[in-house]
Amino acid sequence: MQVQVMIFGQLTDITGKSELMLYDIPDTDTLIRTLLSIYPALSDTKFAIALNKKVIRENTLLEGDNNIALLPPFSGG
Amino acid sequence: MQVQVMIFGQLTDITGKSELMLYDIPDTDTLIRTLLSIYPALSDTKFAIALNKKVIRENTLLEGDNNIALLPPFSGG
Amino acid sequence: MDLQVGKNSKNTKMSERKPKNIFSKGPIPASFIAESIQKHSSQKAIGGHSIFLGQVRADQTENGIVKAIDYTAYEDMALEKMHLIREDIFAKYPLTCMHVHHSLGEVAAGEICLFVFTSSAHRKAAMDACEETVERLKAELPVWGREIMEDDSHQWKVNQ
Amino acid sequence: MDLQVGKNSKNTKMSERKPKNIFSKGPIPASFIAESIQKHSSQKAIGGHSIFLGQVRADQTENGIVKAIDYTAYEDMALEKMHLIREDIFAKYPLTCMHVHHSLGEVAAGEICLFVFTSSAHRKAAMDACEETVERLKAELPVWGREIMEDDSHQWKVNQ
């Protein structure tokens, strides 16, 4: 499963980019493991994963047309 | 004791004027009695008496330089 | 900013200080509100502003539809009372500033008759102070609204 | 007024309705706020407006003084979330209308980055709805503030 991941806020300081393409990602647990292996600094940072604009809390299978985003704590307003 | 009384709000509908001069008024109880005798309709209306810009709750002696006002319920804002 | 002075001079006798005027003739224009907001852009410790605006409602009453409210006040007493409310609010909340404006005379339905504006470093103080100021001034200021109906008869406003 | 529609169509699927945009580039000008207030003068059932304005603070931090905040958002998600907040608030309070505007991009210290505006027949609903909307949008909208220091270094804003 190939997934495109949007990256926001302070997480972009770690990744250096706001979009990332990853391969062989069948579910969100694999996504997190893969991200942490590429960017170990992410383990020091709190973030949530949004799948199709909803924050998910448990491992979720990724389908073809998923919209994936990494969200650090919000600081709007 | 001669006193000048300022009249505000709906009370002016009863008195027809916004200022009133009264004579032989030694204290505020006498003031109320006198007002009610001149304007019996005042007895149907809630109002407070302010003496020198403070609402008074008990009978108070009137001195020479008193500032007296009749205040119906406030409706600002 | 002059209010900061009030905060530090609570033992000063009222008679020694002139309370700030809050009254002006007729409705409060939106442009005045904008100017008031704009003036605060130089105050860089402010993080939140809370504004309450009272607008005259075209209430349908048993005496007809309200087309305007004509406001009168016992101005001297109202300004002294407002001064005390201000000091209480500044003592209770960490405000940067507070501005209050109330109309006198006729204000048509749809127009603004009350403008309360509080500012602070963090939002909570500004919001709480604004609400408390509005509640207190409605309850405590000797101001009266004469509702003028479409047929030019009138009745006196009653605050909830 | 379009929000009234939202109120009456709670069972409509989100995908069938386009959430209202709340984002605009740069600071929110005081003149825009004035125009927004002015537009409500034709709505004669309104008795009270409550407005919250977020202003960028020139905070003194260990990394220097904040001179601006650069806002980014996951816009699609933020607009859907804001739409849900709006529906909740309209279901809870008898509002006439609600308007929300949030800056994207750079907003200098002293400038306005957030404008929340609620109106109702009586003041309490407008004030409570405004406060709840501000709290919810700060907690729930995927928006991030990058604080830019006077030496052009940056740090990320943390909401309280």
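Protein chains in written order, with my numbering: chain Y, 143 to 219; chain S, 143 to 219; chain W, 287 to 446; chain F, 287 to 446.
Using N, Cα and C, we set each Cβ at its ideal position, and we do this for glycine too.
F:Ala-425 classed as buried or exposed, judged by whether at least 16 other C-beta atoms fall within 10 angstroms = The C-beta of F:Ala-425 has fewer than 16 other C-beta atoms within 10 Å across all chains shown, which makes the residue exposed.
Can you round the beta-carbon distance between F:Val-386 and F:Met-368 to whole angstroms, since I take them to be within the 8 angstroms contact cut?
-> Yes, they are in contact, since the Cβ atoms of F:Val-386 and F:Met-368 sit about 6 angstroms apart, within 8 angstroms.
Pull up the distance between the alpha-carbon of Y:Lys-188 and that of Y:Met-143, whole angstroms please.
-> C-alpha separation (whole angstroms): 25 angstroms.
Report, in whole angstroms, the separation of the C-beta atoms of Y:Asp-169 and Y:Asn-194, which I expect to be a contact under 8 angstroms.
-> Incorrect: roughly 14 angstroms between the Cβ atoms, too far for contact.
Have a look at W:Ala-407 and F:Asp-345 and give me their C-alpha separation to the nearest angstrom.
-> Straight-line Cα distance between these residues: approximately 10 angstroms.
Closer than 8 angstroms, Cβ to any Cβ of chain F: which residues of the stretch 307-328 of chain W, in chain order?
-> If the cut-off is 8 angstroms between Cβ atoms, the stretch 307-328 of chain W has Ala-316, Ser-317, Ile-319, Ala-320, Glu-321, Ile-323, Gln-324, His-326, Ser-327 and Ser-328 near chain F.
Buried/exposed call for Y:Ala-183, threshold 16 Cβ in 10 Å = Around the CB of Y:Ala-183, fewer than 16 other CB atoms lie within 10 Å, so the residue is classed as exposed.
DSSP-derived helix/strand/coil call for Y:Ser-185 = Helix at Y:Ser-185.
Proximity of Y:Val-147 and Y:Ile-210 at Cβ, strictly below 9 angstroms | By the CB criterion at 9 angstroms, Y:Val-147 and Y:Ile-210 fall inside the cutoff.
Between the Cα of W:Gly-391 and the Cα atoms of W:Gly-333, W:Tyr-360 and W:Glu-321, which residue gives the shortest distance?
-> Taking only the C-alpha atoms, the option nearest W:Gly-391 is W:Tyr-360.
Interface partners of F:Lys-330 on chain W, CB under 7 angstroms | Residues of chain W passing the Cβ test: Arg-343, Ala-344, Ala-395 and Gly-396.
For W:Pro-313, count neighbouring C-beta atoms within 10 Å of its own C-beta (all shown protein chains included) and say buried if the count is 16 or more, exposed if not.
-> By the neighbour-count criterion, in which a residue is buried when 16 or more other Cβ atoms sit within 10 angstroms of its Cβ, W:Pro-313 is buried.
Checking contacts by CB at 9 angstroms: is Y:Lys-159 closer than that to chain F?
-> When Cβ-Cβ separations below 9 angstroms define contact, Y:Lys-159 makes no contact with chain F.
Pick helix, strand or coil for S:Leu-204, following the three-state DSSP scheme.
-> Note: S:Leu-204 maps to coil in three-state DSSP.
By Cβ distance, which residues of its chain are closer than 6 angstroms to W:Ile-431, with the 5 residues on each side in sequence left out?
-> It should be pointed out that residue 431 of chain W corresponds to Gly in this sequence rather than to Ile. In chain order, Ile-355, Tyr-357 and Lys-443 place their CB closer than 6 angstroms to the CB of W:Gly-431, counting only its own chain and leaving out the 5 sequence neighbours on each side.
Do we get a CB-CB distance below 9 angstroms when we pair F:His-369 with the residues of chain Y?
-> Residue-level contact by beta carbon fails for F:His-369 and chain Y, as no gap is shorter than 9 angstroms.
Any beta-carbon of chain W closer than 9 angstroms to the one on S:Ser-179?
-> Output row for S:Ser-179: interface = no.
Report yes or no: is there a C-beta of chain W within less than 9 angstroms of the C-beta of F:Val-429?
-> Taking Cβ atoms only, chain W never reaches closer than 9 angstroms to F:Val-429, which makes this a no.
With a cut-off of 9 angstroms, does the C-beta of W:Glu-366 fall near any C-beta of chain S?
-> Proximity of W:Glu-366 to chain S, defined by a Cβ-Cβ separation below 9 angstroms, is satisfied.
Let me know the secondary structure DSSP gives S:Asn-143 once reduced to three states.
-> In the sequence as displayed, the identity of residue 143 of chain S is Met instead of Asn. In the structure shown, S:Met-143 sits in coil (DSSP, three-state: anything other than H, G, I, E or B).
Please report the residue range of the alpha helix (DSSP H) in which F:Arg-372 lies.
-> It spans 361-378 - the alpha helix (DSSP H) in which F:Arg-372 sits, taken as one unbroken run.
Proximity winner among W:Gly-340, W:Leu-381, W:Ser-439 and W:Glu-348, relative to W:Val-420 (alpha-carbon distances) | Considering only alpha carbons, the answer is W:Gly-340.
W:Ser-517 to W:Pro-380 span [Cα, whole Å] | Beyond the ends of chain W as shown, which are 287 and 446, falls residue 517 of chain W; an answer cannot be given.
Closer than 9 angstroms at the beta carbon, the chain Y residues around F:Lys-424 = Per Cβ cutoff of 9 angstroms: Phe-216, Ser-217, Gly-218 and Gly-219.
Within 10 angstroms of the Cβ of W:Ala-377, are there 16 or more other Cβ atoms? Answer buried if so, exposed if not.
-> The residue is exposed, with fewer than 16 neighbouring Cβ atoms inside 10 Å.
DSSP three-state call for W:His-440: helix, strand or coil?
-> Residue state, collapsed to three classes: strand.
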